[in-house]
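Those sequence lines, one after another, are chains A and B. Counted the way my numbering counts, the first sequence spans residues 34 to 369. Counted the way my numbering counts, the second sequence spans residues 34 to 369. Taking it in order: structure first as structure tokens, then the write-up.
Protein chains: 2
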Amino acid sequence: MSQSINIAVIGATSNVGEALVELLEEREFPVKDLHLLASSESAGQSLSFRGRQVRVRSLDAFDFTQVQLAFFAAGSEVTRAHHERVVAAGCSVIDLSAALPLEQAPCVLPELGAEGLPALTTPWRVSAPTPSAVACALVLATLSPVLRPEQLQVTAMLSISTLGRSGVQELARQTAELLNGRPLEPKTVDRQIAFNLLAQVGEVDDQGHAQLEKRLAAEIQQLLSLPELPVAATCALVPVFFGDSLALGVYADSAIDISAVQQLLEVAQGIELVEAGDYPTAVGDAVGQDQVYVGRVRRGVSDPRQLNLWIASDNVRKGAALNAVQIAELLIKHYL
Amino acid sequence: MSQSINIAVIGATSNVGEALVELLEEREFPVKDLHLLASSESAGQSLSFRGRQVRVRSLDAFDFTQVQLAFFAAGSEVTRAHHERVVAAGCSVIDLSAALPLEQAPCVLPELGAEGLPALTTPWRVSAPTPSAVACALVLATLSPVLRPEQLQVTAMLSISTLGRSGVQELARQTAELLNGRPLEPKTVDRQIAFNLLAQVGEVDDQGHAQLEKRLAAEIQQLLSLPELPVAATCALVPVFFGDSLALGVYADSAIDISAVQQLLEVAQGIELVEAGDYPTAVGDAVGQDQVYVGRVRRGVSDPRQLNLWIASDNVRKGAALNAVQIAELLIKHYL
Ligand SMILES: NC(=O)c1ccc[n+]([C@@H]2O[C@H](COP(=O)([O-])OP(=O)(O)OC[C@H]3O[C@@H](n4cnc5c(N)ncnc54)[C@H](OP(=O)(O)O)[C@@H]3O)[C@@H](O)[C@H]2O)c1
Ligand SMILES: NC(=O)c1ccc[n+]([C@@H]2O[C@H](COP(=O)([O-])OP(=O)(O)OC[C@H]3O[C@@H](n4cnc5c(N)ncnc54)[C@H](OP(=O)(O)O)[C@@H]3O)[C@@H](O)[C@H]2O)c1
């Protein structure tokens, strides 16, 4: 369909929620009514959309029967608590919170186009992949004509905005305290993040894997249709406000043709390849951009089946909000 | 020999040089005369050693004939310019600057003991491995009874002190400028390092590999006596003052026995294993310590031959100065 639809943004006061609203306007998404939802504490705030102020309302009391599509960007607990009633009201869901199992809400990479779409019946649920999965899957899907991966190693150096607004405030506060020689009192995270790296995001299971790492692996496998691909992921938090950096190592089934790799990355939609010798950074290149930045493309020193590269991407924009809007653009053509 | 020897520390005014002097005192190294050398600009400064002030002198005019052992910690150019005349004067060399080829100056991991020593004739040259190589090789040598690596992936997230005192100043200055809303003017590094990650240290060759990455790979291969082991290394700079963080991925020749791995790490000399569920950080754990901290020890989610772990170590102390002093302690027993 191409007529306008009613949309709800759940978590509208988050960084991701605000970016969603901006992008719906910027990309002229066919929005009829826009409903902005958050906790009852934010009710009464407003955001600008197409030149007018839209009030934020409380999610709890909101009736979804008049809404065709809801973006969930309010944390996984909110998704878990509300998605059933949203779908029961006939509203489809794009979940940005990684709360829903991938069997129930398959993840979609918009760059794959209609071919990447799972079979869905309205109202459907889909997952917007986590930012690191978006970046890795986009690069690997681009390279699929010349590269069949046998194993992946991802070291994801995630910006503190991964923890939301409170994470951003924590890094700013800790940094200022340290520079002013005041004693450090960690709050949002349990230890020093300013001028330090945290090797783990959230709790780990009894095998030592964090939820985010398992999700990243599962999303990459699903997006690439390689359910058996071994993905070793390490997700760490770094003292960067916005923008993720990924060191991606790929072990391929045969020797890598590095110039073919570069040519594919050069022309790919959604990817900006940084010239050899230079490299992209999260803050200097990726933040605020729609592309995923790729650099340091190289083969193993001694093993021609080894490919390494560095990816910088905006976790809030391309990693979350833009990607979700692109998913919506693709899905409304087919399934709404 | 166990009698005292005359020692020179070249680059005595660097962080590494100062740590060397401290450790020679702390560990009661058999020092007869200690000569502190730096550029002519530092001549006249002094450092405390065993309760008295030792003057720093200019390297250029210094005569090495009365010295038995010189530590080179003044950058690779200084090593290249001076090591020949030092050795010609009969003085042995421990190079901390990664300037000398490993064939000429083999690298030594002191934890391997006498068995790890190459055959040397006095005056000899040895290389103190770079901090990331020290950490990786120590962990892998510890695990060698139960783990035969077929491939390594190292993502080394290096603190800015890797660039010396000027790097430390740069991060402090850039951070203060940004927090005070002043425009950023990068100096020591060519772009923003505060709240950002730099994907590359120094120039890269035409294959895209940085010198430091090739050195790291070659040192690990030499230290483990696995000259063919493929090592894919990415060295990046992170906005941390002191202490390196490494994400190490190992692909082994058979399924990994994770409890055997943990047991070996638990009892190893020079390693502090952090309990499962917790993780070490550079700033909170490693800095100022003699041990390399290891955590997040886990097998691949889907591939039992995959091992991943996180290492935090003090790049100035264990990574450079302590390791060099430990090498000296081992070598003077055999070769001086
Ligand atoms: N940050 C990222 O890099 C990133 C990337 C991909 C996906 N995501 C996902 O995007 C979402 C937002 O992330 P963020 O990092 O921007 O989070 P955040 O700053 O922590 O914002 C949380 C949002 O959820 C709302 N919320 C909290 N409790 C609620 C409740 N009980 N009912 C209704 N709304 C509630 C908050 O509203 P109030 O203002 O009223 O509290 C706020 O709008 C999360 O689901 C996250 O997993 C984030
Ligand atoms: N930082 C680390 O993480 C690390 C780790 C392992 C090894 N290293 C090695 O340790 C050494 C020192 O590193 P750093 O990071 O502490 O360096 P740094 O702060 O940049 O200090 C450089 C040192 O070299 C001296 N120097 C410079 N030019 C000289 C010249 N022409 N003649 C004599 N001395 C000269 C300096 O003396 P002035 O004060 O007179 O200029 C100073 O003592 C380097 O070789 C480095 O590769 C460093």
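In this text, a Cβ means the ideal position worked out from N, Cα and C, and glycines have one as well.
From the beta-carbon of arginine 224 of chain A, the residues of chain B found nearer than 9 Å are Thr314, Val316 and Gly317. Rounded to whole angstroms, the Cβ separation of phenylalanine 275 of chain A and valine 320 of chain A is 5 Å, and the two are in contact under 8 Å. Only Gly328, Arg329, Val330, Arg331, Arg332, Gly333, Val334, Ser335, Asp336 and Arg338 from the region 323-338 of chain B bring a Cβ to less than 9 Å from some Cβ of chain A. Contact annotation: glutamine 78 of chain A and valine 64 of chain A have beta-carbon atoms that are not nearer than 7 Å. For leucine 92 of chain A, the shortest separation between its Cβ and any heavy atom of ligand 1 lies below 6 Å.
Judged by DSSP in its simplified three-state form, proline 143 of chain B adopts helix. The Cβ atoms of aspartate 311 of chain B and leucine 355 of chain B do not sit closer than 7 Å to each other. The contact set of glycine 241 of chain A on chain B, defined by CB atoms closer than 7 Å, consists of Ala309, Arg329, Val330 and Arg331 in chain order. Of the residues A/Leu173, A/Thr175 and A/Gln86, the one whose Cα lies closest to the Cα of glutamate 55 of chain A is A/Gln86.
Using beta-carbon distances, leucine 212 of chain B counts as an interface residue toward chain A, with a partner under 7 Å. Scanning A/Ile38, A/Leu153 and A/Ser199 for the CA closest to the CA of glutamate 61 of chain A turns up A/Ile38. Shown here for alanine 251 of chain A: same chain residues with a beta carbon closer than 6 Å to its own, the five before and five after excluded, namely Leu135 in chain order. Within the chosen limit of 6 Å, ligand 1 does not reach the beta carbon of arginine 60 of chain B with any heavy atom.
Alanine 209 of chain B and serine 194 of chain B have their C-alpha atoms roughly 17 Å apart. Contact with chain B is found for glycine 282 of chain A, since one of that chain's Cβ atoms lies less than 7 Å from the residue's Cβ. With its beta carbon at least 7 Å from every one in chain B, phenylalanine 82 of chain A lies outside the interface. Put simply, the backbone Cα of alanine 106 of chain B is about 11 Å away from that of serine 160 of chain B.
Annotation: valine 119 of chain A is outside any beta strand (DSSP E); the continuous alpha helix (DSSP H) that includes it extends over 109-121. Lysine 65 of chain B carries a strand assignment under DSSP once its states are collapsed to helix, strand and coil.
Close to chain A, meaning a Cβ-Cβ distance shorter than 9 Å, are the following residues of the region 255-274 of chain B: Glu261, Leu262, Pro263, Val264, Ala265, Ala266, Thr267, Ala269, Val271, Pro272, Val273 and Phe274. For serine 165 of chain A, the enclosing alpha helix (DSSP H) starts and ends at 164-176. Among the residues of the region 164-191 of chain A, those with a Cβ less than 9 Å away from any Cβ of chain B are Gln184, Gln186, Thr188 and Met190, in the order of the chain. Here the region 346-363 of chain B makes contact with the region 158-173 of chain B; the two share three or more CB pairs at distances below 8 Å. In the structure shown, the three-state DSSP call for aspartate 238 of chain A is coil. For leucine 230 of chain B, the nearest beta carbon of chain A is closer than 7 Å to its own beta carbon. The DSSP-derived three-state label of valine 89 of chain A is strand. For valine 237 of chain B, the nearest beta carbon of chain A is closer than 7 Å to its own beta carbon.
In the displayed model, glycine 352 of chain B falls within a helix according to three-state DSSP. Against threonine 98 of chain B, chain A offers no close residue; the least beta-carbon distance is about 41 Å (beta-carbon pairs closer than 9 Å).
At a cut-off of 7 Å between beta-carbon atoms, alanine 250 of chain B makes contact with chain A.
Leucine 129 of chain A has its CB nearer than 6 Å to a heavy atom of ligand 1.
According to DSSP, residue pairing for serine 81 of chain B in a beta bridge involves B/Gln86.
Contact of serine 278 of chain A with chain B is assigned, a C-beta pair being separated by under 7 Å. The region 237-253 of chain A and the region 197-216 of chain B do not touch, with fewer than three beta-carbon pairs separated by less than 8 Å. Taken in chain order, the unbroken stretches of alpha helix (DSSP H) that lie wholly in the region 270-334 of chain A and span 4 residues or more are 291-300. DSSP places asparagine 213 of chain A in the coil class of the three-state scheme, outside both helix and strand.
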